[in-house]
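Student:
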């Protein structure tokens, strides 16, 4: 699905009505409207000093939130070609923004935009008290009116990844001589790293139709990205030199083909995945730490994925975090304040967790009985807490056990919970527990029996 993104300009403008977040949330979480009338805030870039920068797709402006307040003067306004200039060219504009990993010292911010309908540029700016100065163009590549990609993120080695769509010409995604239909990797100055898969080429992975989401796992340091298909969308683990199949293969290849890397998640029909980020703050309850959050512009959700430790290369659970009810969610990022910020076509929101003095915790271990009669930890088991009020389940909280079989929930409401523990190859266990304010349960041990 092309979304941004695949929605016509006329339809896009018709969506620009305030979309308050009334969808269900985990217990105690609240949604705060930070900017109620934003102009298509397509990309977010929080920085360590607490500010949040965001890119406006069609105006070309990078705006600044300081102390939760939109500053009157843009950081910079770029002269970007947009769908106002070229009818039907839905992949044009100011596409994304991100901060340098050393922003605290160098004050650099990077922006991706289309100065003309057939070019895509990455420029660097220096932050001078909220104003972008000293623009340096670090990259200029061929583009088109659609399928430009244009999301950027830094790896731990401080090289820069950028998603590139096939620009509407699907065969380019399998052409090793071009950048279209790929994810590229360059140094912060635009030069090509010596250890890229192909010498003197910025292409890091190929076979990609289009992508609006890419993030780096805080533990493994490896990237994960979304792919927007024609009828199927994907989430993939990024591998150096990997080929993701487009247009020869969509979703899981049938029959399997060793040339191509299958996704870890496929969405059929398409949902139009957009921005993504691993939660790296410390204010959310423990069960959300290092989880992947991503937005989608078809159903207007913020979804959550927990990957299975210790390799974090497969999905353990996936659920809605902010359910349906918003129009076109576009990006999500962890702010320096530890909250999650996300955007829709017309607003910027902040997700705030429950306060600690109103909540309790629940922790424990999942194990199996080994051949000697001892307890052996079970990693990657799903633990679901279903809060019950008068016998009715009203909230769910989910997590996975870590590599030593431990799990930890915080931010829970006092009350009765049904605890469901499950893992493939084992019998499901269900128990009831009572969690009381001031009396945390932190030593529960659940023993799973293997299936015969």
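In our numbering, the protein residues as written are 2 to 453. Note that the Cβ used here is the ideal one computed from N, Cα and C, for glycine as well.
Across the region 155-168 and the region 129-138, are there enough close Cβ pairs to call them in contact, namely three or more that are closer than 8 Å?
Tutor: no
Student: Which residues in the same chain as residue 174 place their Cβ atom closer than 8 Å to its Cβ, once the five residues preceding and following it in sequence are excluded?
Tutor: 167, 181, 182, 183, 207, 208, 209, 210, 247 and 248
Student: Can you tell me whether residue 272 is buried or exposed, with buried defined as 16 or more other CB within 10 angstroms of its CB?
Tutor: buried
Student: So, do the region 415-424 and the region 384-392 have three or more beta carbon pairs nearer to each other than 8 Å?
Tutor: yes
Student: Assuming residue 105 is part of the beta strand (DSSP E), what are its boundary residues?
Tutor: Looking at the DSSP string, residue 105 is not in any beta strand (DSSP E); the run it does join, the alpha helix (DSSP H), is 104-107.
Student: Would you call the region 116-127 and the region 242-261 in contact, with 3 or more CB pairs under 8 Å?
Tutor: The region 116-127 and the region 242-261 do not touch, with fewer than 3 CB-CB distances between them shorter than 8 Å.
Student: Measuring CA to CA, which of 72, 195, 328 and 114 is closest to residue 164?
Tutor: 114
Student: Taking the continuous beta strand (DSSP E) assigned at residue 142, which residues delimit it?
Tutor: 132-143
Student: Kindly confirm or deny that the region 391-406 and the region 428-443 touch, where touching means at least three C-beta pairs closer than 8 Å.
Tutor: no
Student: State the DSSP-derived secondary structure class of residue 343, mapped to helix, strand or coil.
Tutor: strand
Student: Do residue 317 and residue 383 have their C-beta atoms closer together than 8 Å?
Tutor: yes
Student: Of all the options 119, 149 and 107, which has the alpha carbon lying nearest to the alpha carbon of residue 135?
Tutor: It is 107.
Student: Can you tell me the Cα-Cα spacing of residue 76 and residue 193, whole angstroms?
Tutor: 29 Å
Student: Please report how far the alpha carbon of residue 197 lies from the alpha carbon of residue 39, in whole angstroms.
Tutor: Between residue 197 and residue 39, the C-alpha separation is close to 38 Å.
Student: Do residue 185 and residue 205 count as a contact pair if the criterion is CB distance below 8 Å?
Tutor: With contacts defined as CB atoms closer than 8 Å, residue 205 and residue 185 qualify as a contacting pair.
Student: Can you tell me the Cα-Cα spacing of residue 233 and residue 109, whole angstroms?
Tutor: Going by the C-alpha atoms only, they are around 36 Å apart.
Student: Roughly how many whole angstroms lie between the Cα atoms of residue 241 and residue 260?
Tutor: 13 Å
Student: Count the other CB atoms within 10 Å of the CB of residue 283; is the residue buried (16 or more) or exposed (fewer)?
Tutor: exposed
Student: Take residue 34 as the anchor and find which of 268, 187 and 341 has the nearest alpha-carbon.
Tutor: Comparing Cα positions, the closest option is 341.
Student: For residue 382, which of helix, strand or coil comes out of DSSP?
Tutor: coil
Student: Have a look at residue 399 and residue 443 and give me their C-alpha separation to the nearest angstrom.
Tutor: So the alpha carbons of these two residues sit roughly 16 Å apart.
Student: Work out the CA separation of residue 55 and residue 87 for me, nearest whole Å.
Tutor: 24 Å
Student: Can you list, in chain order, the stretches of the beta strand (DSSP E) that have 3 or more residues and sit fully within the region 278-315?
Tutor: 293-297 and 302-308
Student: Considering only C-alpha positions, which residue in the set 65, 48 and 216 is nearest to residue 36?
Tutor: Selection 65, 48 and 216 evaluated against residue 36 yields 65 as nearest (Cα-Cα).
Student: From what residue to what residue does the beta strand (DSSP E) around residue 352 run?
Tutor: 349-353
Student: Is it right to say residue 220 is buried, meaning 16 or more other beta carbons lie within 10 angstroms of its own, or is it exposed?
Tutor: exposed
Student: Tell me the rounded alpha-carbon separation between residue 320 and residue 143.
Tutor: The alpha-carbon atoms of residue 320 and residue 143 are separated by roughly 37 Å.
Student: Report back the beta-carbon spacing between residue 335 and residue 281 to the nearest angstrom; my notes put them in contact at under 8 Å.
Tutor: 5 Å
Student: Taking buried to mean at least 16 other C-beta atoms within 10 Å of its own C-beta, is residue 424 buried or exposed?
Tutor: buried
Student: Between the Cα of residue 370 and those of 393, 451, 333 and 322, spot the shortest distance and give me the residue it belongs to.
Tutor: 451
Student: Which residue from 169, 195, 139 and 203 puts its Cα closest to that of residue 178?
Tutor: 203
Student: Ordered along the chain, which non-local residues of its own chain (more than five positions away) have a Cβ less than 6 Å from that of residue 46?
Tutor: These residues qualify, in order along the chain: 54, 98, 99 and 100.
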